[in-house]
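What follows is one structure encoded as C-alpha cells, with my remarks underneath.
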Amino acid sequence: MRFLGAWALLALLAMAEARRKVYTEEDQAKYLQDLKEIELQNFEMEMKQQAEQRGVKYSGRQLGVQIENGNYESADLPSELRAPSLPRKKHGFRQHLRGPAEPQALKSSPNEETTIQSFIDPTEETSDDNWCYFCATPIDKLRPDMRKSIRNLLEMRRTAFPIDAVTPECLSARNLTKLKKQKCSYKYCQTLSIVDRNAGNAFVVRGCAEHFGAINVPELEKKNDHSCEMLHEKLEIKECICKSNKYCHAGWTKRSASGGSYQQSLHYLVVLISAVILMY
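Residue numbers in the sequence shown follow the working numbering, run continuously in steps of one, and reach 285 at the last position.
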C-alpha cells in the first residue's frame with residue numbers, strides 16, 4: 006500500500022513538473038525590460054507631477070520623435086544605459102534582445118518623417134543657419150541612480166545617447182571646434198542638463214530641438230531667444246531652448262517652480278545692500 010502511495014506521489018510530481026512553465030532566455034530578457042518600463046513609467050509620473058506643480062501642460066514621451074542617427078549599443082555604455090540582454094550561453098556568445106523591446110534611448114528606429122542626421126565640419130563656416138552643436142558629457146563619474154535618470158529622460162524624449170559625440174568640452178564653450186555641428190530641420194537648439202550635486206558632477210546633452218521632442222513653431226516663437234525651464238526640481242533636470250545661440254547655454258535665466266531665478270535674487274540682494282548703505 007505504501008509502495009502504491011509512493012508511486013502515486015511520484016506521478017503527481019512528474020505531472021506538476023511537466024505542467025510547470027519553462028522560462029527561456031527570452032522570457033528573462035522580457036522580464037528585465039518590463040522592470041525598466043515600470044521604472045520609466047514611475048519616472049514619467051514624477052515629471053508629470055512636477056509639470057502640474059508648475060501649472061504647465063505636460064508633454065509626455067508620446068510626443069517624441071524617433072531618429073536614425075547611427076548610434077548603437079557600445080561596450081563604453083554602463084549597465085544602467087544598456088538594453089536588457091540575454092544571459093551568456095555556454096559557447097560564450099550573448100544574444101541581445103531585438104525589436105521594440107530595445108530602449109529607444111540606445112537605438113532608435115528610423116521614422117518616415119525624419120531624415121538621417123548629418124553634420125557640418127566644425128572648422129568650416131556655413132551659410133545655413135539651421136544647425137546646432139551636438140555633444141554630450143561623459144557619464145562615467147555620475148552615480149548609477151543618476152545614470153538611470155538620464156536613461157529615462159532620453160527614453161521619454163525618444164532620443165538617443167550620442168556615444169559618438171561624448172566629450173568633456175560639451176560642458177563649457179571654451180573650445181567649440183571640438184564639438185560636432187549637427188544640421189537641423191529648424192533653427193531651434195536645445196540643451197538638457199541634470200545636476201548631480203552629491204557627486205559634484207553634471208550631465209549635459211545638446212543638439213537640434215527636433216531630436217528632443219515634437220516641434221511646435223508657434224509656441225516656440227512665443228518664447229524668448231534663450232528660454233530655460235526646470236523640468237524636475239528634485240533631480241535638477243533643466244531644459245533650455247535657443248533660437249539663435251547654437252551652443253545654447255543651460256543658464257538659470259527663467260523663474261523656477263521654487264521661486265525667483267538666481268539673477269533676480271542677486272539683483273534684489275544688491276538693491277537691498279545699496280539701500281542699507283544709503284541709510285547710514
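By construction, the Cβ of each residue, glycine as well, lies at the ideal position given by its N, Cα and C atoms.
* Asked: Would a C-beta distance cut-off of 8 Å place Val210 and Leu176 closer than the cut-off?
  -> no
* If you compare alpha carbons, which of Asn203, Tyr191 and Phe139 is closest to Phe166? -> When the alpha-carbon of Phe166 is set against those of Asn203, Tyr191 and Phe139, the nearest one is in Phe139.
* Asked: Is Glu160 buried or exposed, if buried means 16 or more other CB atoms sit within 10 Å of its CB?
  -> buried
* Cross-strand partners of Lys239 (DSSP beta bridge) -> Note: Lys239 sits in no beta bridge, so no partner.
* Find the nearest neighbour of Gly212 within the set Ile246, Asp145 and Asn47, judged by alpha-carbon distance. => Ile246
* To do: Assuming Glu244 and Cys253 form a contact by the criterion Cβ under 8 Å, report the distance between their Cβ atoms to the nearest whole angstrom.
  => Not confirmed; about 10 Å, so no contact.
* Hey, out of Lys192, Leu158, Ala207 and Gln195, whose CA is closest to Glu174's CA? -> The candidate whose alpha carbon is nearest that of Glu174 is Ala207.
* Which residues in the same chain as Glu42 place their Cβ atom closer than 6 Å to its Cβ, once the five residues preceding and following it in sequence are excluded? -> none
* **Bridge partner(s) assigned by DSSP for Gly212** => Gln195
* To do: Give me the Cα-Cα distance between Arg179 and Ser198, rounded to the nearest whole angstrom.
  => 18 Å
* To do: For the alpha helix (DSSP H) containing Lys251, list its first residue and its last residue.
  => For Lys251, there is no enclosing alpha helix (DSSP H), since its DSSP letter is neither H nor E.
* Asked: If you drop the 5 nearest sequence neighbours on each side, which residues of the same chain put their C-beta closer than 6 Å to that of Gln195?
  -> Ala214, Phe217 and Ile246
* What are the boundary residues of the beta strand (DSSP E) that Lys185 is part of? -> Here the beta strand (DSSP E) through Lys185 covers Lys185 to Lys188.
* To do: Please confirm whether Lys192 and Ile125 have their CB atoms less than 8 Å apart.
  => no
* For Ser154, does the three-state DSSP call read helix, strand or coil? -> helix
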